[in-house]
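Participant: Going by this note's numbering, the sequence shown opens with residue 71, and the numbers climb by one from there.
C-beta atoms are modelled at their ideal positions from N, C-alpha and C, and glycine is treated no differently.
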Amino acid sequence: MELSVVIVNYRVKYLLEQTLRSVEQAMQGMTGEVIVVDNLSGDDSIAFSRERHPGVTFIENQENVGFARANNQAIMQARGEFTLILNPDTIITPRCLQEGLAWMRSHPKCGAIGARMMDGNGVFLPESKRAFPTPWVSFCKIFGLSKLFPRSPWFAKYHLRYLSDLEPQCIDILSGAYMFCRTDVLQQLGGFDEDFFMYGEDIDLSYRIVKAGYENWFLPTPMIHYKGESTKKDSMRYVRIFYDAMLIFYRKHFPRFNLIFYPFVKLGVVVRAGMAMVKRLVKRMLPSSGKPASETWPWAIISDNPSTVAERAGIHIYRDSIPADGNCNVLIDDGCHSYAQIVDYIREHSEKDRLAYHIFADRHNIIISPKMS
C-alpha cells in the first residue's frame with residue numbers, strides 16, 4: 071500500500087465531505103487507505119460522510135481527545151508506505167500526492183513534506199514554511215519584529231518569508247494541516263506528542279523528525295486550506311492555548327532557556343490578550359458598518375450550466391465571467407470541474423483584487439465557502 075491519509079475531524083461536516091472527495095480524486099490509480107478520526111463533533115459529520123464514502127475507515131471518539139492524540143490513533147494503524155496528515159478543511163489535487171511520492175523516493179533523507187497552502191481565496195498561507203522557534207525567532211514573533219521586517223533573514227525567520235514559495239525549500243517546520251511523511255519514521259517517533267492538545271504539535275513533530283536525521287521539505291504544489299476560519303485569532307483563548315503550546319515546546323527541547331524565555335512568553339501572552347480585549351471593546355463601541363462588502367457583490371458562476379446552478383443555489387442575478395473591476399463572488403461548480411481544476415483556477419486568478427471564491431457542491435445543492443469553516 072502506497073499511502074495512508076489521516077484526517078482528524080471536528081464539526082466541519084460539509085468541508086470534511088469535500089476534503090474526502092478531493093482525496094478520492096487525488097488517489098485515483100494509487101493503492102491506499104483513508105482514515106477519519108472524529109473528536110465527538112456532534113454534527114452528524116460521520117454518518118453523513120460514511121454514507122457517501124463507504125471505503126473510508128471511521129473512528130468515532132466519545133470525547134474530544136485533541137488533535138495530537140486523535141491523529142496518533144490512526145497513525146499507529148496506518149499501513150501505507152507514506153502517511154499524509156491532512157486537515158478536514160482542505161482541498162488537495164493529484165499533483166500533491168504524485169509530486170510528494172516522487173520527491174520522497176528520490177530524496178531518501180526526506181522525512182516529511184509540506185505543500186504550498188492557499189486560503190479559500192488563493193492567498194498564500196505563510197505557515198506553509200517556518201523555522202524552528204529558537205529563542206530569537208520566538209522573540210521576533212511575539213513582539214512583532216517579524217511583521218515589521220517581513221523579508222529580513224534576521225528578523226523574519228518564523229515564516230521564512232524571504233524564501234521563495236514557488237521553489238522547493240529545505241525548511242524546519244511543516245504545518246499539521248498537510249504533512250506528507252514516511253510512515254515508519256512517524257511510527258518510530260510515536261507520532262505527535264499528546265502533551266499538546268491543539269497548536270504546537272506540528273512544530274514538535276517537525277523538530278523530532280530533523281533530530282532523527284531526516285529533512286523537512288516545502289514543495290510549491292498548490293492546495294487549499296480554509297484555515298479554521300472559526301478560530302478567532304484575536305481571542306484570549308487562542309492566545310493562551312498558542313503560547314502555552316510554545317512553553318511546552320521550550321520545556322521539552324530548550325530546558326536551559328526556560329528561566330530566560332518563560333518571562334518573555336508570559337509577557338507576550340499578557341500583551342496579546344490585552345490587544346484582543348481592546349479590539350473587541352472597540353468593535354462593540356463603534357457603530358456597525360453593515361454587511362461585509364462581499365455580501366452585496368454580484369455573482370459570477372463558472373459552470374457548464376450557470377443558469378441551472380444559479381437556480382439550485384438560489385442566486386437570482388449572475389454572470390458567467392469575472393468582471394474586469396473585481397468586486398465579485400465567484401462560484402465554481404464542482405459538478406463539472408475537478409478539484410484540480412478548481413485549485414488551479416483559484417490560484418491563477420488569486421492576484422485579482424476583491425474576489426471571493428466559493429464552490430457549489432453539486433451533490434448537496436449548497437455553496438461551500440470559507441465562512442463555513
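Just to confirm my understanding: we take D265, look at its own chain, exclude 5 residues before and 5 after, and list those with CB closer than 7 Å. What are they?
Facilitator: Same-chain partners within the cutoff: I318.
Participant: Do three or more CB pairs link the stretch 418-432 to the stretch 389-396 at distances below 8 Å?
Facilitator: Judged by Cβ distances under 8 Å, the stretch 418-432 makes contact with the stretch 389-396, as three or more pairs qualify.
Participant: Is it the case that the Cβ atoms of I438 and L195 are separated by a distance below 8 Å?
Facilitator: Taking 8 Å as the Cβ cut-off, I438 and L195 do not qualify as a contacting pair.
Participant: Three Cβ pairs or more, each shorter than 8 Å: is that satisfied between the stretch 79-98 and the stretch 106-125?
Facilitator: Flag = yes, the stretch 79-98 and the stretch 106-125 touch.
Participant: What are the start and end residues of the beta strand (DSSP E) that includes H407?
Facilitator: Premise fails: H407 is in no beta strand (DSSP E) and is neither H nor E.
Participant: What's the call for W224, buried or exposed, on a 16-neighbour Cβ count within 10 Å?
Facilitator: Result: exposed.
Participant: For M293, does the three-state DSSP call read helix, strand or coil?
Facilitator: M293 falls in the strand class under three-state DSSP.
Participant: Which two residues bound the contiguous alpha helix (DSSP H) that contains V207?
Facilitator: Taken as a continuous stretch (DSSP letters only), the alpha helix (DSSP H) holding V207 covers 205-212.
Participant: I'd like to know if the stretch 126-143 and the stretch 202-220 are in contact, where contact means that at least 3 CB-CB pairs between them fall below 8 Å.
Facilitator: Flag = no, the stretch 126-143 and the stretch 202-220 do not touch.
Participant: Report the start-end ranges of each alpha helix (DSSP H) in the stretch 114-154 that is 4 residues or longer and not cut off at the edges.
Facilitator: Listed in chain order, they are 115-122, 137-145.
Participant: What's the call for N141, buried or exposed, on a 16-neighbour Cβ count within 10 Å?
Facilitator: Buried: at least 16 other Cβ atoms inside 10 Å.
Participant: E418 bridges to which residues according to DSSP?
Facilitator: Answer is none; E418 lacks a bridge partner.
Participant: Apart from the five residues on each side of it in sequence, which residues of its chain come closer than 6 Å, Cβ to Cβ, to G360?
Facilitator: With a pLDDT of 49 at G360, under the threshold of 50, the modelled position of that residue is not reliable, and the figure given next carries that caveat. The answer is none, since no qualifying residue turns up.
Participant: DSSP three-state call for A247: helix, strand or coil?
Facilitator: The answer is coil: DSSP assigns A247 none of H, G, I, E or B.
Participant: Buried or exposed, going by whether 16 or more other CB atoms sit within 10 Å of the CB of I387?
Facilitator: Looking at its Cβ environment, which holds fewer than 16 other Cβ atoms inside 10 Å, I387 is exposed.
Participant: Please state whether DSSP places G360 in a helix, a strand or coil.
Facilitator: Reliability of the predicted coordinates at G360 is poor, the pLDDT of 49 falling under 50, and no value is obtained from them.
Participant: For V135, which residues in the same chain have their Cβ closer than 7 Å to its Cβ, ignoring the five residues on either side in sequence?
Facilitator: Within the same chain, V135 has close Cβ partners N109.
Participant: Would you list the residues sitting across from D159 in a DSSP beta bridge?
Facilitator: Answer by DSSP bridge pairing: none, since D159 is not bridged.
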